[in-house]
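Just so you know, we're using the working numbering here: the sequence shown kicks off at 16 and counts up by one. Note that the Cβ used here is the ideal one computed from N, Cα and C, for glycine as well. Since the structure is predicted, the reported quantities are computational estimates derived from the model, not experimental observations. Below is one structure, written out as structure tokens; the observations come after it.
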Amino acid sequence: MCKPSGLLVTLLELKKFQEMAFYDLLLSAECDAVPEVVRTGSYWLNHIHIVDKIFHAHLCGEVHGLTSTVSDNIPELQLLRQEAANSNDWLIAYAGSLDADTATEHVQFVFTDGALGDMTREEILLHLLTHACYHLSTCSPLLEKNGLTIPPMLLTTMLSSTRSDSL
16 MCKPSGLLVT LLELKKFQEM AFYDLLLSAE CDAVPEVVRT GSYWLNHIHI VDKIFHAHLC
76 GEVHGLTSTV SDNIPELQLL RQEAANSNDW LIAYAGSLDA DTATEHVQFV FTDGALGDMT
136 REEILLHLLT HACYHLSTCS PLLEKNGLTI PPMLLTTMLS STRSDSL
């Protein structure tokens with residue numbers, strides 16, 4: 016069976032790159048003096064991870080048992096980072112395993128609000144990328160307000176760093 020473009024894999028690698036950079040910033044000494052930034056960033060990273068878990072279950076035809084995409088019960092940040100890294104690794108491998116037929120296969124599911132959903136497998140993966148990017152980018156004004164450097168978000172930055180590592 017023909018493999019779809021590796022672009023989806025690259026985009027999911029970008030998702031992981033962006034998230035890990037945000038985790039690293041929040042876990043750095045630079046953020047020790049700004050608990051509001053850590054609290055807000057942790058909230059959104061946890062939300063991203065919850066949505067990833069929900070759609071992971073949809074992709075696998077499993078019941079996720081979650082009733083909301085948000086939670087005030089946020090795991091310790093280092094643990095959440097490891098869970099998110101593992102989840103992203105799974106998404107990257109999953110995208111790489113798809114062929115042209117399975118990538119465009121429809122998955123029916125129920126959103127946590129009860130609405131019915133119908134997306135292709137590749138649409139789900141693309142949604143997870145854009146969803147994460149959206150929420151991470153909404154944290155940028157808070158970072159700037161507190162004099163923190165916005166973590167790298169661009170594909171060109173990720174490609175430059177990964178390609179220079181292999182030279």
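Own chain partners of residue i with C-beta closer than 6 Å, once the 5 adjacent residues on each side are dropped
i           : result
leucine 174 : none
DSSP three-state assignment for residue i, whether helix, strand or coil
i             : result
histidine 142 : helix
valine 24     : helix
leucine 131   : strand
proline 166   : coil
serine 43     : coil
aspartate 87  : coil
Span separating the alpha-carbon of residue i from that of residue j
i             : j              : result
glutamine 33  : glycine 129    : 30 Å
leucine 131   : isoleucine 165 : 36 Å
leucine 95    : alanine 147    : 15 Å
serine 152    : alanine 110    : 24 Å
isoleucine 69 : leucine 81     : 7 Å
histidine 186 : asparagine 103 : Outside the modelled stretch of the chain, which goes from 16 to 182, sits residue 186, for which no answer is possible.
threonine 25  : methionine 134 : 20 Å
histidine 79  : alanine 72     : 6 Å
isoleucine 63 : threonine 177  : 24 Å
valine 49     : lysine 31      : 24 Å
Own chain, CB closer than 8 Å to residue i, minus 5 neighbours either side, in chain order
i                : result
phenylalanine 37 : Gly56, Leu60, Leu151, Cys154, Pro166
isoleucine 89    : Ser57, Tyr58, Asn61, Leu95
threonine 127    : Ile69, Leu81, Thr82, Ser83, Thr84
leucine 23       : Ala110, Leu113, Ala118, Glu137, Leu140, Leu141
Boundaries (first-last residue) of the alpha helix (DSSP H) holding residue i
i             : result
glycine 111   : 92-112
histidine 71  : 50-75
leucine 158   : 155-160
threonine 117 : 115-118
Residue span of the beta strand (DSSP E) that contains residue i, given as start and end
i                 : result
phenylalanine 124 : 121-125
Same chain, Cβ closer than 7 Å to residue i, five either side skipped, listed in chain order
i           : result
leucine 157 : Val52, Thr55
Any non-hydrogen atom of the ligand ATP within 7 Å of residue i CB
i              : result
isoleucine 107 : Questions concerning the ligand ATP fall outside what the structure shown contains, since it holds no ligand whatsoever.
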